[in-house]
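Enquirer: In the numbering used here, the protein residues as written are -4 to 278.
Would you mind keeping the following structure in view while I ask a few things?
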Ligand code: PEP
Ligand code: MG
């Protein structure tokens, strides 16, 4: 996952198309054929720009952020989409849209991408023939309507940092309410399960790119829930990968199903600890 807002933060001016293209090409070169998921600009709330205008508003976390901001600042968004489309000529690129609220946003992004793609090809600019467009499930309504969204997207990615924040009405960066920020909250697990079900039902791949996916204590639980694509930071990547390769996913699915079905009435943290101990191979 390439979080592109970092190209815009603390810069005197937003990066233009050529500058972005150079950066995406460099990343693709380093990846040497592995796919690159470029997330479109996710400015706002805890990621305030210094250059791209004011995205504060009375309640920044519920305000003009991420795709909402991009669909309002169309010249800025078009520049980024053109750079991503052009980068797709140099390696496998997928485009990921953050903070989807409804289907209308998906349709608007698809129309824009199609229009810019056609324009670039018409001008003889090299781009891949097709570019996969995915949506982030970070808002409870998107998880509840994941099936409908999935029918218009090529993949989904669950952003648990925001999904937990919005489901539990708990600011992800406020230490005072940190104790409520719980990936094991039954409501959060139910939304994750619904998203994974929507993926299975529609044949749409579902990834997870929130911190939960990179935390080894949740790897077996998520495997058991049916997650097959984990995005982890370098610090825990090897540990998560080790657990995935050592695990028996079918066995985990059998063990995790009753935990999720009955999540509201049990000590899930304790049950997860037991699952992790029980299914870990002997040292
Ligand atoms: C998330 O919300 O889980 C996510 C991956 O996005 P970010 O943390 O960058 O908001
Ligand atoms: Mg997010």
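The beta carbon of each residue, even a glycine, is placed where N, CA and C say it ideally should be.
None of the values given here were measured: they were computed from a predicted structure.
In the structure shown, what three-state DSSP assignment does residue 207 receive?
Expert: Looking up residue 207 in the chain shown gives position 212. Looking at residue 207 - three-state DSSP - the assignment turns out to be helix.
Enquirer: Comparing the CB of residue 203 with every heavy atom of the ligand MG, is any distance shorter than 8 Å?
Expert: Locating residue 203 in the chain shown gives position 208, counting from the first residue. The answer is no for residue 203.
Enquirer: Rank 241, 142, 105 by C-alpha distance to the C-alpha of residue 66 and give the top, closest one.
Expert: Locating residue 66 in the chain shown gives position 71, counting from the first residue. When each option's Cα is compared against that of residue 66, the closest is 105.
Enquirer: Is the distance from the Cβ of residue 194 to the Cβ of residue 141 below 9 Å?
Expert: For the purposes of this step, residue 194 is identified with residue 199 of the chain shown, where counting begins at 1. For the purposes of this step, residue 141 is identified with residue 146 of the chain shown, where counting begins at 1. Closer than 9 Å, so yes.
Enquirer: Is it the case that the CB of residue 177 approaches a heavy atom of the ligand PEP more closely than 8 Å?
Expert: For the purposes of this step, residue 177 is identified with residue 182 of the chain shown, where counting begins at 1. Not under cutoff, so the answer is no.
Enquirer: Quick check: does the Cβ of residue 156 come within less than 8 Å of any heavy atom belonging to the ligand HEM?
Expert: In the structure shown, the ligand HEM is absent; the only ligands present are the ligand PEP and the ligand MG.
Enquirer: Drop a sphere of 10 angstroms on the beta-carbon of residue 61, count the other beta-carbons inside from all chains shown, and report buried for 16 or more, exposed for fewer.
Expert: Here residue 61 refers to the residue found at position 66 when the chain shown is read from its first residue. Flag for residue 61 reads buried.
Enquirer: Note down, one range per segment and in chain order, each alpha helix (DSSP H) of at least 4 residues found wholly within the stretch 172 to 244.
Expert: You should have 181 to 197, 214 to 220, 229 to 241.
Enquirer: Between which residues of its own chain and residue 58 is the CB-CB distance below 6 Å, once the five residues before and five after are set aside?
Expert: One-based indexing of the chain shown puts residue 58 at position 63. Answer for residue 58: 52, listed in chain order.
Enquirer: Once you ignore the five residues that flank residue 40 on each side, which residues in its own chain have a CB closer than 7 Å to its CB?
Expert: Numbered from its first residue, the chain shown carries residue 40 at position 45. If we look at residue 40 and ignore the five residues flanking it on each side, its Cβ neighbours are 55, 56, 60.
Enquirer: Taking only runs of the beta strand (DSSP E) that begin and end inside the stretch 93 to 153, which ones reach a length of at least 3 residues, in chain order?
Expert: The qualifying runs are 127 to 132, 150 to 153.
Enquirer: Nearest to residue 93 by CA position, among 122, 109, 87, 155, is which residue?
Expert: What you label residue 93 is simply residue 98 of the chain shown in a count that begins at 1. It is 155 whose Cα lies nearest to the Cα of residue 93.
Enquirer: Check whether the Cβ of residue 224 sits closer than 8 Å to any heavy atom of the ligand PEP, and report yes or no.
Expert: The residue you call residue 224 lines up with position 229 of the chain shown. For the ligand PEP, not one heavy atom lies less than 8 Å from the Cβ of residue 224.
Enquirer: Whose C-alpha, out of 218, 224, 265, 260, is nearest the C-alpha of residue 242?
Expert: By one-based count along the chain shown, residue 242 stands at place 247. Of the candidates 218, 224, 265, 260, the one whose C-alpha sits nearest the C-alpha of residue 242 is 218.
Enquirer: Just checking residue 131 against the ligand PEP - is the residue's beta carbon closer than 8 Å to any of the ligand's heavy atoms?
Expert: As a first step, residue 131 is located in the chain shown; it is residue number 136 there, counting from the start. Yes, the beta carbon of residue 131 sits closer than 8 Å to at least one heavy atom of the ligand PEP.
Enquirer: Taking the continuous alpha helix (DSSP H) assigned at residue 62, which residues delimit it?
Expert: As a position in the chain shown, residue 62 is number 67, starting the count at 1. From DSSP, the alpha helix (DSSP H) with residue 62 extends over 62 to 67.
Enquirer: Hey, residue 167 and residue 159: beta-carbon distance below 9 Å or not?
Expert: As a first step, residue 167 must be located in the chain shown, where it is residue number 172. As a first step, residue 159 must be located in the chain shown, where it is residue number 164. For residue 167 and residue 159, yes; Cβs fall inside 9 Å.
Enquirer: Going straight from the alpha carbon of residue 4 to that of residue 114, what length do you get?
Expert: The residue you call residue 4 lines up with position 9 of the chain shown. The residue you call residue 114 lines up with position 119 of the chain shown. About 29 Å.
Enquirer: Please confirm whether residue 134 and residue 188 have their CB atoms less than 9 Å apart.
Expert: The count along the chain shown starts at 1 and reaches residue 134 at position 139. The count along the chain shown starts at 1 and reaches residue 188 at position 193. For residue 134 and residue 188, no; Cβs fall outside 9 Å.
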